[in-house]
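*Asks:*
In this note's numbering, the protein residues as written are 32 to 168.
(1) Taking only three categories from DSSP, how would you classify residue 104?
(2) Just reading off the alpha helix (DSSP H) that residue 154 is part of, what are its end residues?
(3) Quick one: residues in its chain with C-beta nearer than 8 Å to the C-beta of residue 59, no 5 flanking neighbours on either side, listed in chain order?
(4) I'd like the list of long-range same chain contacts for residue 77, defined as Cβ closer than 6 Å, with 5 residues on each side in sequence excluded.
(5) In the DSSP assignment, find the unbroken alpha helix (DSSP H) run with residue 58 in it and report its ends.
(6) Decide if the region 87 to 102 is in contact with the region 122 to 132; the criterion is three or more beta carbon pairs, one per stretch, under 8 Å apart.
(7) Report yes or no: do the region 146 to 164 and the region 111 to 120 share at least 3 C-beta pairs separated by less than 8 Å?
(8) Please state whether DSSP places residue 166 in a helix, a strand or coil.
(9) When every heavy atom of the ligand NAD is checked, does at least one fall within less than 7 Å of the C-beta of residue 98?
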């Protein structure tokens, strides 16, 4: 699995689907534009239900409801996490969590993040609010 950097300020959800589907950001954006009747210059904030619908287009089963994050030990092997919740705006940032054998890491699509695989779990645990399990169909 490789990191895909979001190309739009609010495109973290699109980038997470691209990461999980193994495709380019532009492919996911094109599908999202049609699926959600958006314009290319729109905001791309994505809700849990929108990620579910978009995931289906790429053979991904993005878990039913957002579940409360209780720690990395309690996560499934593959999940989308909501971090950096801003209550005033009711927004957050989506990232991908992966546990593969003995390795676990987070792929953060934000451009400002300089590392491909984040392992700063102490810091991430403080900012993670929800998660959704992901399975490939």
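Virtual Cβ for every residue (Gly too), placed ideally from N, Cα, C.
*Replies:* Taking the geometry as given:
(1) Annotated three-state conformation of residue 104 is helix, per DSSP.
(2) Counting along the chain, the unbroken alpha helix (DSSP H) around residue 154 starts and ends at 152 to 158.
(3) Taken in chain order, the residues that qualify are 45, 46, 48, 49, 52, 85 and 89.
(4) Only residues of its own chain outside the window of five on either side were considered, and among them 44 have a CB closer than 6 Å to the CB of residue 77, listed in chain order.
(5) Counting along the chain, the alpha helix (DSSP H) containing residue 58 begins and ends at 56 to 66.
(6) Verdict: no, contact absent.
(7) Yes, the region 146 to 164 is in contact with the region 111 to 120.
(8) Three-state DSSP puts residue 166 in a strand.
(9) As for the ligand NAD, it is missing from this structure, which has no ligand bound.
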